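Structure first, then comments.
2 protein chains.
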Amino acid sequence: MEQSQISKNLNTSQPTNFDWANPLLTDHYQVTMSYAYWNNNRHNDVAVFEAFFRKNPFKGKFTIFAGLDEVTHFIENFKFTDPQIEYLKTVMPQAKPQYFEWLKNLDTSQVIVSGVRDGRLVFPREPLLRLEGPLTILQLLETPVLNLINFASLVCTNASRMKFLVGEGRSCIEFGLRRAQGPNGAMTATKYSYLGGFDGTSNDYAGYLYGIPVVGTHAHSFVMSFESPDEINDHKFLDGVDVLEKAMKFRTELGWEQTELSELYAFVSYACSFPRNFIALVDSYSTLNCGVKNFLSVYLVLYELGYKEGSYGIRLDSGDLIQLSVDSRRMFNETGKRYGYDFSHLKIFASNDINEDRIKECNSKGHEINAFGIGTNLVTCQAQPALGMVYKLVEINGIPKIKLSDEVEKTSLPGKKKILRVYLNEGDIQPSFDILALEDDTLKDNQEIKVWIPFTKQEKTVTPFRIEELTNVLIENGKSILDAVKIQDKRTRCMAEFQAFGGKDRLLDDTNKSDEYQVYLTDSLNTMLNETLNKVKPQ
Amino acid sequence: MEQSQISKNLNTSQPTNFDWANPLLTDHYQVTMSYAYWNNNRHNDVAVFEAFFRKNPFKGKFTIFAGLDEVTHFIENFKFTDPQIEYLKTVMPQAKPQYFEWLKNLDTSQVIVSGVRDGRLVFPREPLLRLEGPLTILQLLETPVLNLINFASLVCTNASRMKFLVGEGRSCIEFGLRRAQGPNGAMTATKYSYLGGFDGTSNDYAGYLYGIPVVGTHAHSFVMSFESPDEINDHKFLDGVDVLEKAMKFRTELGWEQTELSELYAFVSYACSFPRNFIALVDSYSTLNCGVKNFLSVYLVLYELGYKEGSYGIRLDSGDLIQLSVDSRRMFNETGKRYGYDFSHLKIFASNDINEDRIKECNSKGHEINAFGIGTNLVTCQAQPALGMVYKLVEINGIPKIKLSDEVEKTSLPGKKKILRVYLNEGDIQPSFDILALEDDTLKDNQEIKVWIPFTKQEKTVTPFRIEELTNVLIENGKSILDAVKIQDKRTRCMAEFQAFGGKDRLLDDTNKSDEYQVYLTDSLNTMLNETLNKVKPQ
Numbered sequence: 001m002e003q004s005q006i007s008k009n010l011n012t013s014q015p016t017n018f019d020w021a022n023p024l025l026t027d028h029y030q031v032t033m034s035y036a037y038w039n040n041n042r043h044n045d046v047a048v049f050e051a052f053f054r055k056n057p058f059k060g061k062f063t064i065f066a067g068l069d070e071v072t073h074f075i076e077n078f079k080f081t082d083p084q085i086e087y088l089k090t091v092m093p094q095a096k097p098q099y100f101e102w103l104k105n106l107d108t109s110q111v112i113v114s115g116v117r118d119g120r121l122v123f124p125r126e127p128l129l130r131l132e133g134p135l136t137i138l139q140l141l142e143t144p145v146l147n148l149i150n151f152a153s154l155v156c157t158n159a160s161r162m163k164f165l166v167g168e169g170r171s172c173i174e175f176g177l178r179r180a181q182g183p184n185g186a187m188t189a190t191k192y193s194y195l196g197g198f199d200g201t202s203n204d205y206a207g208y209l210y211g212i213p214v215v216g217t218h219a220h221s222f223v224m225s226f227e228s229p230d231e232i233n234d235h236k237f238l239d240g241v242d243v244l245e246k247a248m249k250f251r252t253e254l255g256w257e258q259t260e261l262s263e264l265y266a267f268v269s270y271a272c273s274f275p276r277n278f279i280a281l282v283d284s285y286s287t288l289n290c291g292v293k294n295f296l297s298v299y300l301v302l303y304e305l306g307y308k309e310g311s312y313g314i315r316l317d318s319g320d321l322i323q324l325s326v327d328s329r330r331m332f333n334e335t336g337k338r339y340g341y342d343f344s345h346l347k348i349f350a351s352n353d354i355n356e357d358r359i360k361e362c363n364s365k366g367h368e369i370n371a372f373g374i375g376t377n378l379v380t381c382q383a384q385p386a387l388g389m390v391y392k393l394v395e396i397n398g399i400p401k402i403k404l405s406d407e408v409e410k411t412s413l414p415g416k417k418k419i420l421r422v423y424l425n426e427g428d429i430q431p432s433f434d435i436l437a438l439e440d441d442t443l444k445d446n447q448e449i450k451v452w453i454p455f456t457k458q459e460k461t462v463t464p465f466r467i468e469e470l471t472n473v474l475i476e477n478g479k480s481i482l483d484a485v486k487i488q489d490k491r492t493r494c495m496a497e498f499q500a501f502g503g504k505d506r507l508l509d510d511t512n513k514s515d516e517y518q519v520y521l522t523d524s525l526n527t528m529l530n531e532t533l534n535k536v537k538p539q
Numbered sequence: 001m002e003q004s005q006i007s008k009n010l011n012t013s014q015p016t017n018f019d020w021a022n023p024l025l026t027d028h029y030q031v032t033m034s035y036a037y038w039n040n041n042r043h044n045d046v047a048v049f050e051a052f053f054r055k056n057p058f059k060g061k062f063t064i065f066a067g068l069d070e071v072t073h074f075i076e077n078f079k080f081t082d083p084q085i086e087y088l089k090t091v092m093p094q095a096k097p098q099y100f101e102w103l104k105n106l107d108t109s110q111v112i113v114s115g116v117r118d119g120r121l122v123f124p125r126e127p128l129l130r131l132e133g134p135l136t137i138l139q140l141l142e143t144p145v146l147n148l149i150n151f152a153s154l155v156c157t158n159a160s161r162m163k164f165l166v167g168e169g170r171s172c173i174e175f176g177l178r179r180a181q182g183p184n185g186a187m188t189a190t191k192y193s194y195l196g197g198f199d200g201t202s203n204d205y206a207g208y209l210y211g212i213p214v215v216g217t218h219a220h221s222f223v224m225s226f227e228s229p230d231e232i233n234d235h236k237f238l239d240g241v242d243v244l245e246k247a248m249k250f251r252t253e254l255g256w257e258q259t260e261l262s263e264l265y266a267f268v269s270y271a272c273s274f275p276r277n278f279i280a281l282v283d284s285y286s287t288l289n290c291g292v293k294n295f296l297s298v299y300l301v302l303y304e305l306g307y308k309e310g311s312y313g314i315r316l317d318s319g320d321l322i323q324l325s326v327d328s329r330r331m332f333n334e335t336g337k338r339y340g341y342d343f344s345h346l347k348i349f350a351s352n353d354i355n356e357d358r359i360k361e362c363n364s365k366g367h368e369i370n371a372f373g374i375g376t377n378l379v380t381c382q383a384q385p386a387l388g389m390v391y392k393l394v395e396i397n398g399i400p401k402i403k404l405s406d407e408v409e410k411t412s413l414p415g416k417k418k419i420l421r422v423y424l425n426e427g428d429i430q431p432s433f434d435i436l437a438l439e440d441d442t443l444k445d446n447q448e449i450k451v452w453i454p455f456t457k458q459e460k461t462v463t464p465f466r467i468e469e470l471t472n473v474l475i476e477n478g479k480s481i482l483d484a485v486k487i488q489d490k491r492t493r494c495m496a497e498f499q500a501f502g503g504k505d506r507l508l509d510d511t512n513k514s515d516e517y518q519v520y521l522t523d524s525l526n527t528m529l530n531e532t533l534n535k536v537k538p539q
């Protein structure tokens with residue numbers, strides 16, 4: 001952006017197509033600290049930071065890591081622009097001019113990022129990303145990195161919980177665009193709810209950018225916009241057949257003459273436009289007395305014209321969705337039976353304030369919903385709107401560091417660490433537990449080792465059959481070394497891992513905490529933790 | 001974006017610097033409806049839509065409208081790109097080719113937007129934006145418009161509640177960047193918390209783009225990164241004075257020899273870098289036993305060197321913030337007094353899980369905090385993470401429309417409306433109530449009129465001294481007709497309006513609902529409502 005553009009913005013508060021993420025999108029204290037380090041000639045101290053969270057969200061038992069694409073893109077493109085540097089001069093007038101020269105040339109070429117691939121199941125205290133490099137650049141990366149992984153991981157986990165509660169053979173569609181925090185809040189929600197198991201979205205831009213399946217029918221306004229049959233006079237024909245006339249015939253035959261005709265006109269108009277994709281929103285007047293009847297009157301015409309292979313059904317958007325789904329299904333079946341048609345392919349979509357509790361209620365009462373459209377409660381993560389991911393210094397110039405806290409769970413683990421996923425027995429698909437180890441720890445398959453429960457004196461001896469190292473180098477010299485993977489493929493892997501972990505029965509049974517997945521420390525990490533704690537304990 | 005770029009994204013799931021908002025960032029049903037309208041030759045029907053909310057958020061008594069800059073920018077730049085059109089062809093294979101030709105040329109040149117200026121106080125059911133134009137384009141605008149005003153208005157209102165609870169003479173700083181929904185979730189939160197009364201932000205990019213004051217000191221990692229005095233050997237001098245040596249002298253004089261020295265080194269290093277802006281984070285080891293003492297030891301040196309005019313103090317980030325603020329203030333005062341110095345200018349910042357309840361607790365118990373840093377609870381709007389703004393068809397081809405609902409408060413008001421703000425008596429600064437009127441209603445000052453409480457049979461006769469029309473044309477032929485106004489000036493106006501409405505005592509006393517601000521309907525609007533209701537009532 002040119003300086004003139006900045007001034008324009010300063011004077012008008014107008015938005016711009018601002019960069020998706022950039023070095024200045026950071027907390028100012030990262031910049032002031034960077035100056036203090038530079039001024040103290042410490043900016044090239046060799047540091048290690050780790051990003052982790054302290055508790056699984058939603059009082060749950062797992063988290064899915066997400067946002068790695070965005071972090072990678074940000075780190076690869078990290079570079080202050082000249083106007084940004086000029087801006088920083090104005091807010092740090094006391095800083096020496098040489099600092100800004102140095103800042104201008106700063107890049108991530110000395111940064112190494114190791115960590116977990118996105119879409120993996122992860123647990124509290126695990127270093128999801130471990131960044132090594134010069135102290136200052138790592139400090140400057142903190143805020144954007146957290147911004148890019150915090151919500152992505154949260155919404156992905158939220159989506160996976162809902163999807164697996166809904167269960168096999170039924171779909172979840174993301175409807176949250178209008179309720180998210182602006183355009184890329186919405187894009188993040190769409191992309192990562194898909195990674196977490198959602199089946200599609202209403203968001204066309206996410207379809208365009210990422211190939212995520214899009215779903216869409218019509219709104220109440222479409223129904224309300226129709227008034228008289230004249231409005232569809234020339235547009236009620238399908239394959240030469242007058243759909244309105246035929247639908248009116250069915251309506252009479254079925255004794256449904258009381259339905260709202262303007263709704264019927266709307267359905268005829270829509271069906272003639274989308275004869276292979278006719279999902280009718282049925283609650284504009286009365287779901288059972290009007291909407292479902294009008295839908296069936298129109299669909300009977302389509303069916304007799306041979307339209308059976310597409311996507312057909314209704315969307316419920318208000319009222320008691322469970323009972324309405326059961327009653328609608330009964331009406332589908334009875335109407336089909338009357339004419340000798342199999343209407344079992346008809347779909348029932350439900351939307352309106354769906355959340356985990358509503359899904360559980362549906363499951364316990366029994367319902368006939370094929371697909372849930374979930375907006376607000378998905379994208380706002382109402383039950384817990386922030387994950388609380390943090391980014392802590394764990395080592396500097398080879399010296400391990402911790403962040404102390406009165407609350408034990410808030411104390412960080414020192415040292416440059418890696419995550420090991422342990423399978424205790426031959427042939428195990430389900431991992432038994434994770435171990436956090438120091439980078440230099442060498443653990444071998446089939447070797448007895450001692451591990452510790454963090455911040456306790458409880459130890460345990462185990463002999464892993466197989467150890468999977470979850471921490472891998474992701475970015476070297478500021479550039480990604482990963483092969484490109486489609487979000488679709490990441491999603492498939494994520495779903496498989498969820499099942500390997502024990503699936504819904506283990507991961508979504510929040511009432512039984514006894515089988516919670518454990519994360520242990522190696523003996524050497526535990527020793528380092530205790531030594532560091534003793535060293536820094538307040539007097 | 002080029003087609004090749006799309007394919008690249010489809011194959012990799014990599015992010016791009018995608019547009020800030022664009023026509024494809026919409027719910028797919030807007031596009032399918034647009035096709036059905038087009039296919040039915042209804043796309044140029046003359047429609048009116050209105051955006052409004054149904055309940056003030058946070059169980060409160062007011063809302064601040066925000067996001068108008070972004071809506072304007074979006075509408076002014078609305079145009080599908082060729083690759084976007086190609087994408088839509090792939091997801092709507094059954095649509096006729098001519099439709100896509102038409103879509104390619106679609107723009108907002110026939111759209112008129114009237115509504116409320118941003119930063120104004122608004123109330124349930126008021127049409128904040130009223131869009132007039134061809135049916136299809138208005139339908140396509142729905143989702144992005146809601147996306148851009150929903151969160152903006154919510155976070156602005158959230159911020160104003162916190163700021164006014166904190167009260168005069170104390171500051172609120174937005175710290176939410178790492179917890180927001182990605183980069184522009186954060187940017188929206190920063191911009192509109194400032195409009196709602198916040199005093200600054202940690203977000204440098206918002207400082208750069210909008211000139212919002214930025215604030216920043218240092219993090220725990222800065223303190224933890226120091227180990228020995230060697231690290232600051234050459235960097236502990238200020239105006240030729242060895243700050244460490246002098247600080248150590250004060251530390252001994254004051255009997256504070258037990259403080260953690262590495263923290264003292266960090267403070268010396270920071271103070272030498274920012275001698276005019278030295279706010280120390282004091283809870284890395286122990287706030288009162290260590291942090292405050294080390295801060296004072298260093299600040300005494302600065303003070304004696306003449307550094308009094310800058311910004312000096314501490315940041316509390318854990319523990320009982322109220323008690324710690326009181327104790328810290330006492331230590332400031334006692335230490336100043338001992339040396340005969342006036343330390344009343346020292347500031348206490350507090351952060352860590354601040355929300356409305358914490359602020360109220362601070363107010364009721366008494367505290368010494370000068371500035372609150374608020375992150376998570378501000379940007380996630382934890383207490384209510386979505387405003388629920390909706391966008392409803394109110395008129396088509398001159399015929400009034402409503403959206404029915406079993407819940408009365410969810411039924412929309414028909415017709416093309418405007419908001420009138422009424423001042424009952426001469427000299428009133430405080431508005432008495434609002435009236436929703438039909439566009440053609442002509443209400444004059446000092447004239448007796450009959451108004452109705454919505455959805456009741458309760459009427460009332462009033463004689464306004466003065467009527468302010470809140471609904472003004474904002475966008476004509478797709479272009480803004482507003483003069484550019486800086487966010488700073490909008491903020492000033494917003495603060496003045498909040499006070500005019502009765503300020504904190506009236507607007508933030510959520511327990512007393514008797515003085516809730518009323519929104520009435522004119523007689524003609526009420527008649528139209530009843531007629532439309534009678535016409536569309538389900539049989």
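Respectively, the protein sequence lines represent chains A and B. Note that UniProt numbering numbers the first sequence so that position 64 is 64, with each residue one more than the last. Note that UniProt numbering numbers the second sequence so that position 112 is 112, with each residue one more than the last. All C-beta atoms in this analysis are idealised placements derived from N, C-alpha and C, irrespective of residue type, glycine included. The model shown is predicted, which means the values in this text are computed figures rather than measured ones.
No Cβ-Cβ contact shorter than 8 Å links A:I322 with A:G291. When C-beta distances to chain B are compared with 8 Å, the residues of the stretch 490-505 of chain A below that value are K490, in chain order. The Cβ-Cβ distance between A:A189 and A:V71 does not fall below 8 Å.
Measuring C-alpha to C-alpha distances from B:L393 to each of A:K457, A:A219, A:F267 and A:H345 identifies A:A219 as the nearest. Proximity of A:H43 to chain B, defined by a Cβ-Cβ separation below 8 Å, is not satisfied.
Among the residues facing chain A, B:T442 is not included, as its CB has no counterpart in that chain under 8 Å away.
Less than 8 Å divides the Cβ of A:T136 from the Cβ of A:Y37. Neighbours of A:V91 in chain B, taken as residues at a C-beta separation under 8 Å, are given in chain order as D204, G207 and V214. Residues of chain A whose Cβ lies closer than 7 Å to the Cβ of B:R178 are, in chain order, T143, L146, N147 and N150. Scanning chain A for C-beta atoms nearer than 9 Å to the C-beta of B:H367 yields nothing, as the closest lies near 20 Å away.
As the crow flies, the alpha-carbon of A:V48 is around 47 Å from that of B:R120.
Leaving aside the five residues that flank B:Q384 on each side, the residues in its chain whose CB is nearer than 7 Å to its CB run, in chain order, P57 and F58. Within chain A, not a single residue places a beta-carbon under 7 Å from that of B:S193; the smallest gap is close to 12 Å. By the criterion of at least three beta-carbon pairs nearer than 8 Å, the stretch 152-166 of chain A is in contact with the stretch 197-212 of chain A.
Per DSSP, the continuous beta strand (DSSP E) segment holding A:R130 begins and ends at L129 to P134. For B:I399, the neighbours in chain A by C-beta distance under 8 Å run, in chain order, E227. Given a length threshold of 4 residues, each whole run of the alpha helix (DSSP H) inside the stretch 43-121 of chain A is given here in chain order: 68-76, 82-91 and 97-105. A:V485 carries a coil assignment under DSSP once its states are collapsed to helix, strand and coil. Within the same chain, and ignoring the five residues on either side of B:D82 in sequence, no residue has its Cβ closer than 6 Å to its Cβ. In its chain, beyond the 5 residues on either side, P414, G415, M528 and T532 have a beta carbon closer than 6 Å to the beta carbon of A:P400.
Residue pairing from DSSP leaves B:C494 without any beta-bridge partner. Shown here for A:T335: same chain residues with a beta carbon closer than 6 Å to its own, the five before and five after excluded, namely L296 in chain order. Every alpha helix (DSSP H) stretch that sits fully inside the stretch 239-270 of chain A and reaches 4 residues is listed by chain position as 243-253. Taking the Cα positions, B:D283 is about 13 Å away from B:A266.
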